[in-house]
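With numbering that gives the first Met the number 0, the residue at position 88 of the sequence shown is 87, and numbering never jumps. Heads up, the beta-carbon is just placed ideally off N, CA and C, and yes, glycines get one too. Reviewing the structure listed below.
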Amino acid sequence: MASEKQRSLLLESTSRFPIPPGVRFSYGTAGFRSDGLILGSTVFRAGVLAALRSIKTGHAIGLMITASHNPIFDNGVKIADPDGGMLTQKWEPFADALANAPDPQHLLDLVVQFAEEENIPLCGTQSAEVLLGRDTRPTGESLLETAKQGINAIIGAVAVDMGILTTPQLHWIVRSRNKGTKASEFDYYAQLSKSFRCLIDLIPENIVKSEVDPKVLVDGANGVGGEKLEELKKMLKGLDIEVRNSGKKGGVLNDGVGADYVQKEKVAPSSFGSIDMGLRCASLDGDADRLVYFHVLSASDNSIDLIDGDKILSLFAVFIKEQLSILNRNENDDVFNSLPARLGIVQTAYANGASTDYLKQMGLEVVFTPTGVKYLHKKAAEYDIGIYFEANGHGTIIFSEEFLSLLHARSDELSVSMAGSERHKAAVRLLAVSQLINQAVGDALSGLLLVEAVLSYMGWSIVRWSQLYADLPSRQLKVKVADRNAVVTANAETEVVQPVGLQKLIDTETAKYPRGRCFIRPSGTEDIVRVYAEASTQEAADRLANSVMQLVYQFLDFTNSHV
Ligand code: 16G
Ligand code: MG
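As C-alpha cells, this is what we get:
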C-alpha cells in the first residue's frame, strides 16, 4: 500500500509537469522520443518509473536523456535495467500508460495499481537508486533536472547525476555498479584501454603490418561520442585516432554527419572528402551506440564504400572463431582438453543477404530476430558467445558468465602448463575481448577499438576487410500510410500476416528477381511503414522496392477504408 505521504508527494510533483494537449507518447523500439521542448512530462514520468524499477529489482537503474541520431532539437529517454540491458519489455505497457496518464490523479491510480500487482512496497521505507546521464543536446540539462524530480517523487529514491555520457557508457556503469566492479567513467576508459593494449601486445610477430594504415579518422556526429573519444584517446597507446565533427567547432549534431546519415545516404559525412580517399574512416551516431566504417571512393563526389554492422559482425566472427579454434587446437600436448563453445550469430532481416551467406559458409549458426536491440541481445545471451549486429551498426559480443569462468580457469591452467603458447594467447585474447567489448549494449567506442585491434591482428587494410564479401544491392523506402499498425508481421519480420493476402503478392513480386528478397514492417520510431528489398542489381532492387511500395498503398488504403 502506498502511504499517504507518498500519495500526496506524487500528486503534487506530477502537477508541476502537465502533459501537452493532443500528443500521444509511445515507448517505441527503445524509449520515448520527440521534440525536446514537449518532453518534460514524459521524462518526469520516466523518472518515476525508473525509481519503481529500482525498488522492484533492488538494484541501480539507468536513465539516459538522448534522442540518438535524431535532429538536435529532438530529445528522448532510454531506461537501462540492472544488468545494463534495455528495460524489460514486461514494463513497456506501464511506461506507455504512465506517459499518457491525463492528470496527476490518473497517474497516481496507475502507480498504486501497478505497485500492488508487482509487489512494490510504497510504504516509505524502501530505497532506490537511479543513475542519470545525458548527451549534448540543448534540452538535455533541463530534462535531466526534470527526471530527477520524477525520481524524487518516490520516497526513498536517490538520483545520481553522472553528467554527460554516451548511452553505452551509462549502461556499462549501471551494469558494473550492480555487479560490484569498478564503475566510474574513468574505470570505463581504463578497462577499454587496458584490454585494447592486451590485444595489441598479443599480435603475432609474423603479421604483415604494412597493409594497415596506422591512422583511423572518426566522425563524432558532432555529439557526445566525439567528445568522449577524445577522453579515451588520452589513455590509449598504439592507435592514432583523429576525431572530426567532435562538436567543438560549431557543427550541428547529426546534421550531415553521424553513423545513421552515412549508413542511410551512403555518402561521406561533412569534413570528410576526396583528401581522405583510401583512408580508414569510422562514424559514430549521436549517442555513440552505433558504429559504421567507410572509405572515400571518389575524388569527384562524396561516394563511399560503406562497411556496415554486418561487416563489423563478420570481422568479429572471423576473429572469435579463429581464437576458439586455436584454443582448442590439439598440439599433441599431454594436457589437451578442449573447451567447446556455442558461438551464435544474431541478425535481423535488414542484414544483407551476402553477409548471412558468408557467415553460414563459415559454418556458423545464424539466427534472426525482429529489429531492436532488446530482441537481438536476448537471443545472443542464449549462447556461450553471442555476436549480434544490426546493419545500422548497433551490436556487440556477449559472453555467458559460465563460459567466462571456464575460460578464466583454462587460461590459468595454460599459463602454467603452456605459458606463451598460441593456445594460451588465444584464451587471453578472448578474455580481453570480453573486457573490451561492452557486455551491456552495443557501444561504438568499444566496437571501434575491437575493430582496430582485429584489423591489426589480421594485418588487413579497410579494403581487404571490405572484400570479405560483396554486399547485394538493396533499397529501403518509407511509406506513409494512415495506420502503420495495420501491418502485423511474423517470423522475425520477414512475413506479413496482416493485411491478409499481402504477403502472397510480395512473394510473387520477389520471385521475379534473381536473388530477390523483400519485406515490410511498421517502423517502431517513425510513423511509417518501411520497405526493404535486395536483388542482384541495384536497378532490380529499386524496382522490387517500388512495386512492393505500391502494394502497401493498395492494401493499406483498402484496409483503412473498411475499418
Ligand atoms: C531504434 C533501435 C535500433 C533499431 C531502430 C529501428 C535500440 C537501442 N535502438 O533506434 O536497434 O534498429 O530503432 O528503427 O534498440 P525503426 O523501427 O524506425 O526502423
Ligand atoms: Mg544511438
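Item: Ignore the nearest five residues each way along the sequence and tell me which others in THR558's own chain have a CB closer than 8 Å to its CB.; Value: Residue confidence is low: THR558 scores 47 on pLDDT, short of 50, so the model does not pin down where it sits. No coordinate-derived value is stated.
Item: Quick one: does the C-beta of THR166 sit closer than 7 Å to a heavy atom of ligand 2?; Value: yes
Item: Who are the Cβ neighbours of HIS561 in its own chain at under 6 Å, not counting the five residues just before and after it?; Value: Any reading at HIS561 needs caution, since the residue's pLDDT is 37, under 50, leaving its predicted position unreliable; the model's value is listed next. Nothing listed; no residue qualifies.
Item: Where does LEU169 fall in DSSP's three states?; Value: helix
Item: For the candidate residues GLY249, SER282, PRO20, whose alpha-carbon lies nearest to that of LEU228?; Value: SER282
Item: So, for LEU323: in the same chain, excluding its five sequence neighbours on each side, which residues have a beta-carbon less than 7 Å away from its beta-carbon?; Value: ALA340, LEU342
Item: For ligand 1, is there a heavy atom less than 7 Å away from the beta-carbon of ARG133?; Value: no
Item: What do you reckon, are the CB atoms on SER249 and GLY371 nearer than 8 Å?; Value: Per the sequence shown, the amino acid found at residue 249 is Gly instead of Ser. Result no, Cβ atoms of GLY249 and GLY371 do not sit closer than 8 Å.
Item: On the criterion of 16 or more Cβ atoms from any shown chain inside 10 Å, does ALA258 qualify as buried, or is it exposed?; Value: buried
Item: Does the beta-carbon distance from PHE43 to ALA146 come in below 8 Å?; Value: yes
Item: Please determine whether the Cβ atom of ASN69 lies at a distance below 7 Å from any heavy atom of ligand 1.; Value: no
Item: LEU550 to GLN168, Cα distance in whole Å?; Value: 43 Å
Item: Does the Cβ of ASP288 lie closer than 7 Å to at least one heavy atom of ligand 4?; Value: No copy of ligand 4 appears in this structure; the ligands present are ligand 1 and ligand 2.
Item: Here's a check: name, in chain order, each residue in its chain whose Cβ is nearer than 6 Å to the Cβ of ILE461, leaving out the five neighbours to either side.; Value: ARG279, HIS294
Item: Within the continuous beta strand (DSSP E) that includes GLY84, where are the two ends?; Value: GLY84 -> no beta strand (DSSP E), and no H or E assigned at all.
Item: Between the alpha carbons of GLU144 and LEU36, how many angstroms are there, rounded?; Value: 14 Å
Item: Beta carbon of ASP309: closer than 7 Å to some heavy atom of ligand 2?; Value: no
Item: Going by DSSP, which residues form a beta bridge with LEU62?; Value: ILE78, LEU131
Item: Out of ALA491, GLU91, LEU467, state which residue places its alpha-carbon closest to the alpha-carbon of ALA316.; Value: LEU467
Item: Give every residue of the same chain whose Cβ lies closer than 8 Å to the Cβ of TYR552, excluding the five residues on either side of it in the sequence, and list them in chain order.; Value: VAL478, VAL480
Item: Excluding five sequence neighbours on each side, which residues of the same chain lie with their C-beta closer than 7 Å to the C-beta of SER12?; Value: GLN148, ALA152
Item: Nearest-angstrom Cα distance between PRO203 and ALA426?; Value: 14 Å
Item: Let me confirm a value: ASP288 is counted as buried when at least 16 other C-beta atoms fall within 10 Å, else exposed. Which label applies?; Value: buried
Item: CA-CA distance, ASP95 and TYR187?; Value: 32 Å
Item: What separation, rounded to the nearest whole angstrom, lies between the Cα atoms of PHE388 and VAL110?; Value: 36 Å
Item: Quick one: is LYS320 buried, meaning 16 or more other Cβ sit within 10 Å of its Cβ, or exposed?; Value: buried
Item: Relative to the C-alpha of ARG136, which residue among PHE518, GLY83, ILE172, SER67 is closest?; Value: SER67
Item: I need the DSSP call for PRO19, collapsed to helix, strand or coil.; Value: coil
Item: Going by DSSP, what residue range makes up the alpha helix (DSSP H) through HIS423?; Value: 421 to 435
Item: Using 8 Å for Cβ pairs, my map puts ASN99 next to ARG23. What's the rounded Cβ distance?; Value: 6 Å
Item: Within the continuous beta strand (DSSP E) that includes ALA510, where are the two ends?; Value: Taken as a continuous stretch (DSSP letters only), ALA510 belongs to no beta strand (DSSP E), as it is neither H nor E.
Item: Short of 7 Å in beta carbon distance, which residues of its chain neighbour LEU501, apart from the five on each side in sequence? Order them along the chain.; Value: VAL495, LEU550, PHE554
Item: Is SER473 a contact residue of ligand 1, with contact defined as CB to any heavy atom under 7 Å?; Value: no
Item: Apart from the five residues just before and just after GLN125, which ones in its own chain have a Cβ nearer than 6 Å to its Cβ?; Value: ILE54, GLY155
Item: Using DSSP with H/G/I as helix, E/B as strand and the rest coil, what is TYR292?; Value: strand
Item: What does a CB cutoff of less than 7 Å around LYS236 pick up in its chain, not counting 5 residues either side in sequence?; Value: ARG196
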